[in-house]
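In this note's numbering, the protein residues as written are 5 to 354. Backbone N, C-alpha and C define an ideal beta-carbon position, used for all residues, glycine too. Structure first, then comments.
So this is what it looks like as structure tokens:
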């Protein structure tokens, strides 16, 4: 082969190679570099990011995205990403790199934690009321001074309307044997009740407790706890996530992840809305996390150790579960699974 033919052949190979870039090869060509890299970040941090061009290819433009906010740049100035206002947890910085007319999409995961340590609280028992020892409590909520309760266990699950001062069950609706009842909440004269692994929630008329239908949840893992702020319903699924549900359609529209300043809080269970915050019982822990509903930051932790020792000890006795708020400042009503007492407690700073 002559030198001229060899030169043309080599040029064609290079041209084909350069024009044949596959977006699937993005990870082998580019990645995202964080200059001030740390294991975790807070919402007070600014990140300086840029593209690591592994092959030295021509880059025309880069657009970074984090939680819907775009940070475009011409290649290759450094871009500052302000984390203020972002949700906590595992987040992805995404970058679209344009090179020779081809777009390549890459991502880098970061973990955002709370910027401050949570305030610690303890409690004082103010009053004690009788509670059905056979009730495997999953959810509690007041409505007009009447306490509604959801109980669990298959073949024993129910929705109850109770007189909290006497422990009397005023009305009870039993679930079908295949359902394991979970959390409940009350909104717009309707009661919403979850089931654990059946991917089904039930809707009842508040006044009659008659069935008004059901709903499903497909994005969240399971059904654990419910609460609402008057407009939006919040749902836990046994992980670190609390989901937001559209009150009209009950569709899952997003979620927050629950983090302190150092770690994730999983096994989030029973929920209660209290003065603009979500109070979340942590399953198997005698503790309630006070959660910022906007970003998932744990702003406080209520240590409830010792409450279980105040109830009758028996074979079926299980963990703390059940938080209700009746509009009294710093006052909660709490019980547990198969506890024979409901406690009215005052929350005080440690």
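Query, Result
"Integer-rounded CB distance, given that residue 174 should sit under 8 angstroms from residue 165", "5 angstroms"
"For residue 30, three-class secondary structure by DSSP", "helix"
"7 angstroms Cβ cutoff met for residue 227 and residue 198", "yes"
"Beta carbon of residue 275 nearer than 7 angstroms to that of residue 133", "no"
"For residue 56: DSSP bridge partner residues", "35"
"Coarse secondary structure for residue 147, derived from DSSP in three states", "strand"
"Beta bridge counterpart(s) of residue 218 as assigned by DSSP", "206"
"Host beta strand (DSSP E) of residue 307 (start-end)", "302–307"
"Stretch pair the segment 121–130 + the segment 145–153: three plus CB contacts closer than 8 angstroms", "no"
"Closest by C-alpha distance to residue 84, when choosing among 58, 100, 51", "51"
"Of the listed residues 336, 70, 344, nearest to residue 350 (C-alpha basis)", "336"
"Cα-Cα separation between residue 267 and residue 236, rounded to whole angstroms", "27 angstroms"
"Beta carbon of residue 323 nearer than 7 angstroms to that of residue 343", "no"
"Residue 110 beta carbon less than 7 angstroms from that of residue 95", "no"
"When 325, 221, 303, 277 are compared against residue 271, the one with the closest alpha-carbon", "325"
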